[in-house]
Amino acid sequence: MNNNRALSVTEQAMELLNRQHGSFNIVTISRIKGEIKEEILRQALDAVQSIHPLLSSRIIGTLEHLEFTNHGTGKIPLSVVSQGINDNWEDVVRKELNKSMDSSQVLLRCILLYKQSEINTRYLITTVHHAISDGLSSISLQSEILKCYQIIASGDAIDIDCGAAIPPLEELLPKWMKGKKGLSNGTWFLLKMKLQMLLHKPEQLESEETVPLESRTCGMTHRFLEKELTKKIIELCRQENTTVHGALCAAMLLTVANKISRKKPRSIKVSCRSYVDLRRRIEPPIKNKNMSFLASFLTSFHHLKPQMSFWDLSRDITKDIELGLNTQEFFKPLMIFRKIIEYYIKNPDEFLITSGVTNIGIVDISEVYGDLEIEEISFVASDAIFGKNFTVAVATFKDKMLFNFIASKPSLSQETIELLATGVINCLIEVCQEKVIMAVK
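According to the working numbering, the sequence shown is numbered sequentially starting from 3.
Next up, the structure:
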């Protein structure tokens, strides 16, 4: 199917980031019970590539005029990796997070990982260019790969139904965000954001080492909450009249604030970047299986005072996010997204965000695919650029909350990322167990 067209403003921004150590490309990781045969997985990838027009595309042209073309696109690369007993799947993911996509050839790559210590377990790791996917569609894509695998393994033929590609995001926006009006709204949004940053002056973690952009990499670590704790935090959020997302942001901000203040009581001004799903906010709504980059963000500002309770902060964050959703503030940066990214690539240390949270909630895909069963599935977008910013990607699958924490190195060391991640999980555990009232210490 012909999908030749110019990249939208948001897609252009993601290609610019891709050229910076693969920043913002999405890595999805699933742990699968059962044997996956390489030759069948190869056929499944070929089938999925035929189904999705954007997977059959590549990016050509200069930075001033980037285009999708489906002529000359290569096959989705498949690598098979075998790990020793003491190796960790996170090491493979970290390499993927720091590897740009060769977008002139293909926009997705795949790794099948075997661990010698886990005989009947396989890891499926996909890396997709953020210009053609977001967290929701990257998760759905892995489900589709496994569906195709199941059909091929059973000896049946796959019905290749190549659906129409999603139009560029600019065409999907509400009327007040299109054309000159959209550019004007975006410009005013940017001025407002700069003023808020100037007035609020949010604090960030101290940079441990500052290096040029080309020397930065993305650090990552994985954590999870067991089923009972996941159910507990969801239940407590209902009781406290807040959202799970608000609670996750609160845990992130309190953990970072304690690190900033070195646990000495003082007031701290912070900012939180919350990523927003556009799929259900566009008319008509777009399903998760339709590949496209359909996400935006909201930024909230908070004043953490000594002895501020966890739940008060969570409600404060939730209130700010709901206001931004109701006013549709998240649409406003989209028409100038490339300009925003170009500025921060040139001035990465001016990205004054204390912490960021992307939470896709409960993952709604099948668990079983013939002889294969997904035991865990999570995602994470790379960030090799923005120093001092601590971010988490969260997904809930089989009643278990999964966290992938990231930060730019060496601004934050891998050791610091690990300690902060443990701090966030401990914060949520303490809240669930009602052992202490969380506060900025």
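Where is the CB? At the ideal position from N, CA and C, for every residue including glycine.
Check whether residue i and residue j have beta carbons under 8 Å apart
i, j, result
"residue 298", "residue 319", "no"
"residue 405", "residue 247", "no"
"residue 138", "residue 376", "no"
"residue 215", "residue 387", "yes"
"residue 154", "residue 45", "yes"
"residue 140", "residue 20", "no"
"residue 199", "residue 354", "yes"
"residue 368", "residue 389", "no"
"residue 293", "residue 143", "yes"
"residue 69", "residue 8", "yes"
"residue 156", "residue 113", "no"
"residue 420", "residue 313", "no"
Straight-line Cα distance separating residue j from residue i
i, j, result
"residue 427", "residue 402", "13 Å"
"residue 2", "residue 78", "The structure shown does not extend to residue 2, since the chain is modelled only from 3 to 443, so the question has no answer here."
"residue 40", "residue 177", "47 Å"
"residue 385", "residue 219", "8 Å"
"residue 13", "residue 295", "7 Å"
"residue 227", "residue 432", "12 Å"
"residue 425", "residue 364", "23 Å"
"residue 423", "residue 435", "18 Å"
"residue 72", "residue 62", "10 Å"
"residue 348", "residue 23", "15 Å"
Host alpha helix (DSSP H) of residue i (start-end)
i, result
"residue 426", "416 to 435"
"residue 266", "Neither: residue 266 is in no alpha helix (DSSP H) and is coded neither H nor E."
"residue 49", "40 to 53"
"residue 323", "312 to 328"
First through last residue of the beta strand (DSSP E) which encompasses residue i
i, result
"residue 260", "Element bounds for residue 260: not the beta strand (DSSP E) but the alpha helix (DSSP H), 246 to 263."
"residue 133", "No beta strand (DSSP E) holds residue 133; DSSP gives it neither H nor E."
"residue 302", "297 to 306"
Secondary structure of residue i, DSSP reduced to three states
i, result
"residue 85", "strand"
"residue 30", "strand"
"residue 338", "helix"
"residue 16", "helix"
"residue 238", "helix"
"residue 442", "Since pLDDT at residue 442 reaches only 42, below the 50 mark, its modelled position is unreliable, and the value read off the structure follows with that caveat. Residue state, collapsed to three classes: strand."
"residue 158", "coil"
"residue 349", "coil"
Residue-level contact to chain C via CB, residue i, 8 Å cutoff
i, result
"residue 213", "The structure shown contains no chain C; it holds only a single protein chain."
Residue i CB to nearest heavy atom of the ligand COA below 7 Å
i, result
"residue 407", "The model depicted lacks the ligand COA and carries no ligand whatsoever."
Stretch-stretch touch, CB-based, cutoff 8 Å, three pairs: the segment 55 to 72 with the segment 82 to 97 = no
_Any contact between the segment 207 to 218 and the segment 414 to 426? By contact I mean 3 or more CB pairs, one from each, below 8 Å._
Contact holds: three or more Cβ-Cβ distances are below 8 Å.
inquiry  = Can you confirm whether the segment 262 to 271 touches the segment 195 to 205 when touching is taken to mean that 3 or more C-beta pairs between the two stretches lie within less than 8 Å?
reply    = Result yes; three or more Cβ-Cβ pairs closer than 8 Å.
* Between the segment 322 to 335 and the segment 182 to 193, are three or more C-beta pairs nearer than 8 Å? -> yes
Note to self: Assess contact between the segment 69 to 85 and the segment 149 to 163, defined as three or more Cβ pairs (one per stretch) separated by less than 8 Å. Is contact present?
What the structure shows: no
**Message:** If contact is defined by three or more beta carbon pairs under 8 Å, each pair taking one atom from either stretch, is the segment 230 to 237 in contact with the segment 366 to 383?
**Reply:** The segment 366 to 383 is not in contact with the segment 230 to 237.
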